[in-house]
Amino acid sequence: MTIVREKPIVSPMAGTYSGAIPTEQELIERARKLLPAIRERAQRTHEQCKVPDETIAELKEAGLFRIVRPKRYGGFEMHPAVLYEVQMVLAQACMSTAWVQGLLAVHDFQLGLFDDRAQVEV
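Residues 186 to 307, numbered by our numbering, are exactly what the sequence shown covers, in order.
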């Protein structure tokens, strides 16, 4: 069965990032500023087998999930090496948090490699 769409689907993430794109160093500094709070929650992260919601919110607020997201979907569209450097900083406080941040962020990069039609479907 073939489904034909008259209008393309518009992703809820569509739209460019309206703020200034941070530099690699700015993102690393944002990650460093989060280290005390992440370190304080590291034991809880381990015990609960879950990164606390407040940590996820702080990572999101710092823009650390936008590093490799395509600009057309509100990201910074940076080289994956920047994501790696940020993960290395976060891992100084909690390796689990760094792993989750990288895993969640890299999905946007992978989706950006898909054909445009697949991107709007996802």
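For every residue, glycine included, the Cβ atom is placed at its ideal position computed from N, Cα and C. Computed from a predicted model, the values in this text were never measured in an experiment.
By the 16-neighbour rule on beta-carbons within 10 angstroms, residue 249 is buried.
The beta carbon of residue 293 is closer than 8 angstroms to those of 250, 251, 253, 254, 255, 258, 260 in its chain, skipping five residues each way along the sequence. Scanning its chain for C-beta atoms nearer than 7 angstroms, with the 5 sequence neighbours on each side dropped, one finds around residue 271 the residues 212, 213, 216, 249, 252, in chain order.
Counting along the chain, the unbroken alpha helix (DSSP H) around residue 210 starts and ends at 209-233. Excluding sequence positions up to five before and after residue 236, its CB lies within less than 6 angstroms of the CB of 230, 282, 285, all in the same chain and listed in chain order. Distance from the CA atom of residue 224 to the CA atom of residue 234, rounded to whole angstroms, is 15 angstroms.
Within the model, the alpha-carbon separation for residue 278 versus residue 206 is close to 26 angstroms. For residue 244 and residue 210, the gap between their C-alpha atoms comes out near 16 angstroms. Between residue 291 and the set 300, 239, 263, 303, the nearest pair of CA atoms involves 263.
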